[in-house]
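Asks: Following UniProt numbering, the numbering of the sequence shown begins with 1 at its first residue and continues without gaps. Structure below; questions to follow.
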Amino acid sequence: MFANLQIRPAPAKTRRRKPSLSIRAGVTKRRVSTVSAVSASNVPSMSFMEGLFGDEFPEAFGSGAQNKKTITDLPTELLEIVCEHISKLDIKRLRLASKHLASSVYLRIDRIYVSPNRANLDYLHQIQAHPTYRGRVREIVWDDALLNEYSTLKEFRAAIVADERETTRAIESRLEEAMEIYGDENPEYRSLEMEDLLQDGRLTEVAKGILLRYDDQFSRDILARNATMMSIEDSYVLYQELYRQEQELVEQQIDAAALHQALAGFPNVRRVTLTTDVWPAWNILPRYSTPYHRSLPLGFRKPAVWPWLRPREESETILNQWRSRNAKLTKDGVLLPGEHRSYGVVVSAVLTMPNPQIEEFVIESEHQANCYHHCFLVETSRNYQITKQMFQRTPLKHLKLIVTPPNDYIMNPESLTNLKSLLAELQYLEHLDLGFNDSRSGRTWRFFLRFNPIPETMRSRLRSLTLRNVKLSEQDLCNMLTTSPNLQHVTFYDCFQRMRPGCGWPWLFRQLREYYNREINVSKPSFTVVAPLSRQDSQLVDEEVDAFLYGDDDAENPFVTRPPKPGANAIKPHMGWKVWNRDGSVRERMTEVAEREEMQERDEEM
Numbered sequence: 001m002f003a004n005l006q007i008r009p010a011p012a013k014t015r016r017r018k019p020s021l022s023i024r025a026g027v028t029k030r031r032v033s034t035v036s037a038v039s040a041s042n043v044p045s046m047s048f049m050e051g052l053f054g055d056e057f058p059e060a061f062g063s064g065a066q067n068k069k070t071i072t073d074l075p076t077e078l079l080e081i082v083c084e085h086i087s088k089l090d091i092k093r094l095r096l097a098s099k100h101l102a103s104s105v106y107l108r109i110d111r112i113y114v115s116p117n118r119a120n121l122d123y124l125h126q127i128q129a130h131p132t133y134r135g136r137v138r139e140i141v142w143d144d145a146l147l148n149e150y151s152t153l154k155e156f157r158a159a160i161v162a163d164e165r166e167t168t169r170a171i172e173s174r175l176e177e178a179m180e181i182y183g184d185e186n187p188e189y190r191s192l193e194m195e196d197l198l199q200d201g202r203l204t205e206v207a208k209g210i211l212l213r214y215d216d217q218f219s220r221d222i223l224a225r226n227a228t229m230m231s232i233e234d235s236y237v238l239y240q241e242l243y244r245q246e247q248e249l250v251e252q253q254i255d256a257a258a259l260h261q262a263l264a265g266f267p268n269v270r271r272v273t274l275t276t277d278v279w280p281a282w283n284i285l286p287r288y289s290t291p292y293h294r295s296l297p298l299g300f301r302k303p304a305v306w307p308w309l310r311p312r313e314e315s316e317t318i319l320n321q322w323r324s325r326n327a328k329l330t331k332d333g334v335l336l337p338g339e340h341r342s343y344g345v346v347v348s349a350v351l352t353m354p355n356p357q358i359e360e361f362v363i364e365s366e367h368q369a370n371c372y373h374h375c376f377l378v379e380t381s382r383n384y385q386i387t388k389q390m391f392q393r394t395p396l397k398h399l400k401l402i403v404t405p406p407n408d409y410i411m412n413p414e415s416l417t418n419l420k421s422l423l424a425e426l427q428y429l430e431h432l433d434l435g436f437n438d439s440r441s442g443r444t445w446r447f448f449l450r451f452n453p454i455p456e457t458m459r460s461r462l463r464s465l466t467l468r469n470v471k472l473s474e475q476d477l478c479n480m481l482t483t484s485p486n487l488q489h490v491t492f493y494d495c496f497q498r499m500r501p502g503c504g505w506p507w508l509f510r511q512l513r514e515y516y517n518r519e520i521n522v523s524k525p526s527f528t529v530v531a532p533l534s535r536q537d538s539q540l541v542d543e544e545v546d547a548f549l550y551g552d553d554d555a556e557n558p559f560v561t562r563p564p565k566p567g568a569n570a571i572k573p574h575m576g577w578k579v580w581n582r583d584g585s586v587r588e589r590m591t592e593v594a595e596r597e598e599m600q601e602r603d604e605e606m
């Protein structure tokens, strides 16, 4: 029956042809029969698409993934330019993610640290031995903060408690607030004392439970901090070992020798920085992330290294201790003066370079409660002589000089004359940051400086000017700014004279407004003015000043003629920002501050 039945193979499936990219893009051939008059205006023409995507349309869209370009296809020169604009952490991740990038992208190592500890010195020697990275270093940071001696655990504990005072008060306030909220549900909370909640700065189990119930960001941060915190006893044992190692390195002058090696071994160094901000209190974010810090265990509790934000009396005590320690240092059997250890050793090292190409010399000591860099203002001192030689021999373009004058020393005309004489040696200077650090040590001035220490010959070259606590009269400031035609940015930190009943700053900026409107061939610098609100916060105006100087005639002058109360700054209370002194990026509008304070006052009255 089925003898003649033939089983034929199933017809092969015809592969459906995908529409071309031009069709998918909405481009069709211009056929009147297929394009209606209604839809013709909605269809882009071939010429339009070629103008949008280039002459290779639509072929450029048909090659798929094989023709896609990635970052690995860039030449090494472009890769290096791209990596200049991303973080060091992202560069490390790129190197780990791709073998090609690991071989063609280098870590951005542009700064090394010199200090009397093994971690920083070992890192310096490793970079110096690397054939590529040694040529990329452009800055040497001299860590001038030496560890303080604590002979007993009691002294160490007292220093830790003093540094953590503000944080402890904030924790106590939060715990009291939480106990008030949850006291009705848990009557046992009301009988608790603060000793039951905090012991040596660490939270007890009861305090942890209270903060877990509160469940806000501050409470979570405190719990995380407590989880990583070392005990004071364990921290003291490690601190003693670090102090012993530091003493050995200082007595043998190993860090000073390393500085000489660094200046000679890194050919492209252009910046030298002296700082004491490398090691603040353990719970304060340091300015620099050094190999030394990264080598320490998490939660290690250390006191702030002098002179970082210390009270004046304590700073004087530690200063005397520092001087006695440095008087023991010898070189070739000759006793060195106490001043040589800090400032003099760096300047002397720069002078040993056969052809110094240092363009930036920076002294960072804004956060010091005391300082010893004023010694170079004495004409007979060795530091004055070597400073003058360094200014003569190096093509400095950027100088940051923070001076802490003892008592009214800087008011002496001889000291100002010496300072002006030193600055006059800088033939290439374009950026000047000059500060007198007396406000950090609790001193206030009752008079203006006798004269402006910035030389007239320098002003025509200046492109940026920053003055910190430099009390010049409004007339002196006006003369200096109007004789500096190339300034691009001007910053005043706490340059108001608070002892006066009136304020001449409105007059100063009215004069500057008339000058910049009248003169055409001078640059119009942007201004930033900062005045203190408290020990931790300041008020900052920048856009408001520029708007008054260069804006409409009805722009508001941000300065008051007469402060509303004694000791108040000269900026109008509703203008600008409230900024944190330790980090200028932490800021809040003054109008928002005023609204919040008014709400708090109303809540307290209720």
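Where a beta carbon is used, it is the ideal one built from N, C-alpha and C, also for glycine.
#1: Please report how far the alpha carbon of residue 344 lies from the alpha carbon of residue 386, in whole angstroms.
#2: At which residues does the beta strand (DSSP E) containing residue 114 begin and terminate?
#3: In the DSSP assignment, find the beta strand (DSSP E) that holds residue 578 and state where it starts and stops.
#4: What is the rounded straight-line gap between the Cα of residue 124 and the Cα of residue 262?
#5: Going by beta carbon distance, what residues of the same chain come within less than 8 Å of residue 114, once the five residues before and after it are set aside?
#6: For residue 463, which residues in the same chain have their Cβ closer than 7 Å to its Cβ, ignoring the five residues on either side in sequence?
#7: When the distance is taken between beta carbons, is residue 72 closer than 8 Å to residue 101?
#8: How would you label residue 282, buried or exposed, when you count the other beta carbons within 10 angstroms and need 16 or more for buried?
#9: What does DSSP give as the partner residue(s) for residue 152 in the beta ladder?
#10: With a threshold of 16 other CB atoms inside 10 Å of the CB of residue 129, please say whether the residue is buried or exposed.
#11: Verify whether the separation of the beta carbon atoms of residue 401 and residue 434 is less than 8 Å.
#12: Considering Cα atoms alone, identify which of 271, 593 and 225 is closest to residue 573.
#13: For the candidate residues 425, 420 and 483, whose alpha-carbon lies nearest to that of residue 452?
#14: Within its chain, find whatever has a CB closer than 7 Å to the CB of residue 361; leave out the 5 residues flanking it on each side and keep chain order.
#15: Answer yes or no: the CB of residue 491 versus the heavy atoms of the ligand MG, is any distance below 7 Å?
#16: Whole angstroms are fine: how far does the CA of residue 103 sit from the CA of residue 356?
#17: Residue 473 and residue 509 look like a contact to me (Cβ under 8 Å); what is the Cβ gap, rounded to whole Å?
#18: Nearest to residue 231 by alpha carbon, out of 212, 601, 200 and 159?
#19: Report yes if the CB atom of residue 153 is closer than 8 Å to the CB atom of residue 233, and no otherwise.
#20: Would the region 159 to 174 count as touching the region 210 to 220 if we require 3 or more Cβ pairs under 8 Å?
#21: Please return the same chain residues whose Cβ sits closer than 8 Å to the Cβ of residue 208, not counting the five positions on each side in sequence.
#22: Count the other CB atoms within 10 Å of the CB of residue 292; is the residue buried (16 or more) or exposed (fewer)?
#23: Does the beta-carbon of residue 504 have 16 or more other beta-carbons within 10 angstroms, so that it is buried, or is it exposed?
#24: Which of the three DSSP states, helix, strand or coil, is assigned to residue 588?
#25: Could you check whether residue 106 and residue 132 sit closer than 8 Å to each other, using their CB atoms as the reference points?
#26: With distances taken Cα to Cα, identify the nearest neighbour of residue 481 among 468, 459 and 494.
#27: What are the start and end residues of the beta strand (DSSP E) that includes residue 493?
#28: Which value, in whole angstroms, describes the spacing of the CA atoms of residue 165 and residue 81?
#29: In its own chain, which residues sit with a C-beta less than 7 Å from the C-beta of residue 663, not counting the 5 before and 5 after it?
#30: By how many angstroms is the C-alpha of residue 531 removed from the C-alpha of residue 138?
#31: Along the beta strand (DSSP E) that carries residue 530, what are the first and last residues, could you check?
#32: If you follow the alpha helix (DSSP H) that residue 255 is part of, which residue opens it and which one closes it?
#33: For residue 541 versus residue 558, is the C-beta spacing smaller than 8 Å?
#34: Apart from the five residues on each side of it in sequence, which residues of its chain come closer than 7 Å, Cβ to Cβ, to residue 389?
#35: In terms of residue numbering, what span does the alpha helix (DSSP H) encompassing residue 92 cover?
#36: Can you look up residue 425 in the DSSP assignment and give me helix, strand or coil?
Replies: Considering the structure as presented:
#1: In the sequence shown, counting from the first residue as 1, residue 344 sits at position 344. In the sequence shown, counting from the first residue as 1, residue 386 sits at position 386. Each residue's alpha carbon lies about 8 Å from the other.
#2: Numbered from 1 along the sequence shown, position 114 holds the residue referred to as residue 114. That run of the beta strand (DSSP E) goes 111 to 114.
#3: Here residue 578 is taken as the residue at index 578 of the sequence shown, counted from 1. Its beta strand (DSSP E) spans residues 577 to 580.
#4: Walking along the sequence shown from the start, residue 124 turns up at place 124. Walking along the sequence shown from the start, residue 262 turns up at place 262. Answer to the nearest angstrom: the Cα atoms are 8 Å apart.
#5: Here residue 114 refers to the residue found at position 114 when the sequence shown is read from its first residue. Excluding positions up to five away in sequence, the list reads 120, 121, 124, 140, 141, 142, 143, 255, 258, 259 and 262.
#6: On the sequence shown, residue 463 is found 463 positions in, with the first residue counted as 1. Correct list, in chain order: 430, 431, 486, 487 and 488.
#7: Counting from 1 along the sequence shown, the entry for residue 101 is found at position 101. Counting from 1 along the sequence shown, the entry for residue 72 is found at position 72. Yes.
#8: Within the sequence shown, numbered from 1, the residue matching residue 282 stands at position 282. With a pLDDT of only 49 at residue 282, under 50, the local geometry of the prediction cannot be trusted, and the value read off the model is given with reservation. Flag for residue 282 reads buried.
#9: Counted from its first residue, the sequence shown places residue 152 at position 152. Looking at the DSSP assignment, residue 152 forms no beta bridge with any residue, so it has no partner.
#10: Counted from its first residue, the sequence shown places residue 129 at position 129. When all chains shown are included, residue 129 counts as exposed.
#11: As a position in the sequence shown, residue 401 is number 401, starting the count at 1. As a position in the sequence shown, residue 434 is number 434, starting the count at 1. Yes.
#12: Walking along the sequence shown from the start, residue 573 turns up at place 573. Closest by alpha carbon: 593.
#13: As a position in the sequence shown, residue 452 is number 452, starting the count at 1. With distances taken between Cα atoms, residue 452 lies closest to 420.
#14: Numbered from 1 along the sequence shown, position 361 holds the residue referred to as residue 361. Excluding positions up to five away in sequence, the list reads 272, 396 and 399.
#15: This structure simply doesn't include the ligand MG, nor any ligand for that matter.
#16: The residue given as residue 356 occupies position 356 in the sequence shown. The residue given as residue 103 occupies position 103 in the sequence shown. Between residue 356 and residue 103, the C-alpha separation is close to 33 Å.
#17: Taking the sequence shown and counting its residues from 1, the one referred to as residue 473 is at position 473. Taking the sequence shown and counting its residues from 1, the one referred to as residue 509 is at position 509. Not a contact, Cβ separation roughly 14 Å.
#18: On the sequence shown, residue 231 is found 231 positions in, with the first residue counted as 1. Looking at the Cα atoms, 200 is the closest of the given residues.
#19: Reading the sequence shown from its first residue, position 153 is the one you call residue 153. Reading the sequence shown from its first residue, position 233 is the one you call residue 233. In contact: residue 153 and residue 233 (Cβ atoms closer than 8 Å).
#20: yes
#21: Stepping through the sequence shown from its first residue, residue 208 is reached at position 208. The beta carbon of residue 208 sits closer than 8 Å to those of 223 and 226, all from its chain and outside the five residues before and after it, given in chain order.
#22: Position 292 of the sequence shown, counting from 1, holds the residue named residue 292. Residue 292 is buried by the Cβ-count criterion.
#23: In the sequence shown, counting from the first residue as 1, residue 504 sits at position 504. With 16 or more Cβ atoms within 10 Å of its Cβ, residue 504 is classed as buried.
#24: Position 588 of the sequence shown holds residue 588. Strand at residue 588.
#25: Taking the first residue of the sequence shown as position 1, residue 132 is located at position 132. Taking the first residue of the sequence shown as position 1, residue 106 is located at position 106. A contact, by the Cβ cut-off of 8 Å.
#26: Counting from 1 along the sequence shown, the entry for residue 481 is found at position 481. The shortest C-alpha separation from residue 481 is found at 459.
#27: Mapped onto the sequence shown, residue 493 falls at position 493. Per DSSP, residue 493 belongs to the beta strand (DSSP E) from 489 to 493.
#28: Here residue 165 corresponds to residue number 165 of the sequence shown, with the count starting at 1. Here residue 81 corresponds to residue number 81 of the sequence shown, with the count starting at 1. The straight-line gap from Cα to Cα measures roughly 46 Å.
#29: Outside the shown range of the chain (1 to 606) lies residue 663, about which nothing can therefore be said.
#30: Counting from one through the sequence shown, the residue named residue 138 turns up at place 138. Counting from one through the sequence shown, the residue named residue 531 turns up at place 531. Cα to Cα, residue 138 sits roughly 33 Å from residue 531.
#31: On the sequence shown, residue 530 is found 530 positions in, with the first residue counted as 1. Run containing residue 530: 526 to 532, per the beta strand (DSSP E) assignment.
#32: Counting from 1 along the sequence shown, the entry for residue 255 is found at position 255. Element bounds for residue 255: 254 to 265.
#33: As a working mapping, residue 541 is identified with position 541 in the sequence shown. As a working mapping, residue 558 is identified with position 558 in the sequence shown. A contact, by the Cβ cut-off of 8 Å.
#34: Position 389 of the sequence shown, counted from the first residue, corresponds to residue 389. Once the five neighbours on either side are set aside, the close Cβ partners of residue 389 are 351.
#35: As a first step, residue 92 is located in the sequence shown; it is residue number 92 there, counting from the start. Element bounds for residue 92: 88 to 97.
#36: Indexing the sequence shown from 1 puts residue 425 at position 425. Residue state, collapsed to three classes: coil.
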